[in-house]
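The opening residue of the sequence shown carries number 1 in full-length UniProt numbering; numbering runs sequentially from there.
Each residue gets a CB set at the ideal place from its N, CA and C atoms; glycine is no exception.
Computed from a predicted model, the values in this text were never measured in an experiment.
Scroll down for the structure; my scribbles are underneath it.
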Amino acid sequence: MQTKELIKSIILGILVLTSIILTVMIWNFSPDVKDTYSDTQKESTKAIGARYDKDAVQVMTPLQMVHVHRDKIEGAAATPYVNSLVNIFHQQHISKVEEFQNDNVLSLDALSNNLIVLDYPTDTPLAMYLNEVMNVPAKVPSNFKFNRIVLDIGKRNHVDVYAIDAQRQRAIKMSTDVPVAKVNKHLNHMSTNLEPYTDILTDQTTVNKATYLYAPKAPKDLRTYRTIFSNINVEDLNSILFDDTPIVRATKSGNTTYNNNTGMVNYDANNETYSYTNLSEDEHSTRDMNVSIPRTFDYINKHGGFTDDFRLFKANSEKGEMVYQMFVNGRPIFDSTIRNQIRVIWGERGIFEYSRGLLKTNVTVDNGEKPKALPEAEEVRSDLASNGGVDFSKVQQMVVGYRMITNDASSDGLEIQHNSQFVPTWYIKYNGGWYEFKNGELIKP
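This is how it looks when you write it as structure tokens:
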């Protein structure tokens, strides 16, 4: 018995001593974070903004929303609240898909007198949009592209959605399980922000409420804004696109060229623009926008490239080019350079070309001037229709945007920050390009 008790005492003593040693080790333990911190720091140098900061619904947005209820037409620029209308369809069900086509113009006689029209700045593949933005599974033609969505909220308990192509000759109708009451509730919440709009007939393809061109009737109370920018670091972009491989730098007349075996960059210090070409990528870009748009969105989002309110503004399937343009207060910003844009061409495996401005907004404030009014839409229409150099049938959209006025940068780089303004201006989409309307003329930004 004494032997057993002695063994028990020894074991107990060992356990107590072990417990004390382990407790001391825990108190004094300091994890080796060197590798973890190094990896995190390395990753952080490869981003120019917050990673994955944008949702697809924030980037692939309408240009404007118009509510057509009998003879009353009201609308708004694409503010976040307008864009959130799309969220109503998130993970909802489409019970039926129908296609309509007409060689002249769509009639869509079944439409009610209560519609919401969402106009988009570019042709967008419907299959990609349903999947990436609305998150609504549906079998639709993969080659169908739209630049207008019409929500019929006047006939039944659930919303019918029409996606209409740019030629106004083809439409896809989708019967949904989204309650009309849910859309009306959203519409009521934003009713105070709606302003009078008008419908405009441009040619034989815009002859009914589904196909009219819609524009603000008499834009007023528009403010000019001053903006202070900061600069995106060129080396940060280089580390992303060159993947930290050795590069050669050469500077001449304000332009700096970086290159290695896989890529080449031209940095224009005067205009604060950056253009990259991937020499290891096939020059034949991917033309399928169902593939290219999601891939470019993910790529830019991954390295925090949406440093401001950038939105998909152009998707050119012939060139394989996508343009993301800067917006403020739901309105597009126009500039003569690419300071307001991100331009991307996707190759077979990755980025082929990547160009952008190197300015990002720090502060945007009212410049203190009296709000201004722009010419009424009817005046703009009349001036363009009577201009012998303009084929009015090629007018595709009329919106209020902002002209970016920026003086040349001084040697210390501060002048560009002190003298940047966003001035409200009429912009016209004409024959596929965007122009400023000024004194009856169309002027390239």
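Please name the residue, chosen from the options, that lies closest to residue i on a Cα-to-Cα basis.
i, options, result
"G347", "S317, N157 and V399", "S317"
"N131", "K182, F89 and I428", "F89"
"S95", "H158, A210 and S420", "H158"
"L279", "T262, I293 and T286", "T262"
"T224", "E74, V57, R70 and V365", "V365"
"S239", "Y52, T227 and N260", "N260"
"A163", "N270, Y435 and L108", "L108"
"E281", "L241, I153 and R51", "L241"
"L358", "A269, L222 and F313", "A269"
"V291", "H67, M128 and R70", "M128"
"E369", "S275, D221 and N431", "D221"
"P121", "Y267, R148 and N143", "R148"
"F144", "M134, Y276, P137 and D123", "D123"
"E376", "P196, L151 and V140", "P196"
"V183", "N255, R295 and D160", "D160"
"T205", "S393, P371, V86 and A50", "S393"
Starting from residue i, follow its DSSP beta bridges and name the residues at the other end.
i, result
"T406", "S420"
"R249", "Y258"
"residue 453", "What the structure shows of the chain is the stretch from 1 to 445, and residue 453 is not part of that stretch, so it cannot be assessed."
"Y430", "V395 and G433"
"I94", "T176"
"D152", "L115 and D160"
"R343", "V323 and S355"
"residue 448", "Past the boundaries of the shown model lies residue 448; the chain is included only from 1 to 445, so the question cannot be answered."
"T198", "A215"
Just the Cα atoms here: how many angstroms apart are residue i and residue j?
i, j, result
"Y212", "S191", "22 angstroms"
"K54", "S386", "43 angstroms"
"A78", "I300", "22 angstroms"
"E378", "E321", "34 angstroms"
"N439", "K155", "43 angstroms"
"F437", "I443", "6 angstroms"
"M404", "S382", "26 angstroms"
"V117", "L106", "15 angstroms"
"T198", "N113", "15 angstroms"
"S253", "E441", "35 angstroms"
"Y52", "V207", "42 angstroms"
"Y214", "I200", "6 angstroms"
"P62", "G388", "31 angstroms"
"L414", "I73", "In this predicted model, L414 has a pLDDT of only 46, less than 50, meaning its place in the structure is not dependable; the value taken from the coordinates is given anyway. Going from the Cα of L414 to the Cα of I73 covers about 45 angstroms."
"K314", "Y324", "7 angstroms"
"P424", "G75", "17 angstroms"
"I428", "V395", "7 angstroms"
"R295", "R311", "15 angstroms"
"P445", "D236", "29 angstroms"
"D412", "V150", "Because D412 carries a pLDDT of 46, less than 50, the predicted location of this residue cannot be relied on, and no value is offered for it."
Would you mind sorting residue i into buried or exposed? The rule is 16 or more other CB atoms within 10 Å of its CB.
i, result
"A373", "exposed"
"L115", "buried"
"Q91", "exposed"
"A250", "exposed"
"S420", "buried"
"Q167", "exposed"
"P125", "buried"
"V136", "buried"
Quick check: is the beta carbon of residue i nearer than 8 angstroms to any beta carbon in chain C?
i, result
"Y52", "Annotation note: the requested chain C is absent from the structure, which comprises a single protein chain."
Hey, would you say the C-beta of residue i is under 7 angstroms away from at least one heavy atom of the ligand MN?
i, result
"E99", "For the ligand MN, the structure offers nothing, since it holds no ligand at all."
Query raised in the report: Counting Cβ pairs closer than 8 angstroms, one from the segment 172-188 and one from the segment 88-104, do we hit at least three?
Result: yes
Query raised in the report: Is there contact between the segment 352-359 and the segment 178-192, where contact requires at least three CB pairs shorter than 8 angstroms?
Result: no
Query - Segment contact, 8 angstroms Cβ cut-off, at least three pairs: the segment 216-233 with the segment 244-253 - result: no
Requested in this report: Evaluate contact between the segment 324-339 and the segment 176-187, counting only Cβ atoms and requiring at least three cross-stretch pairs below 8 angstroms.
Outcome: no
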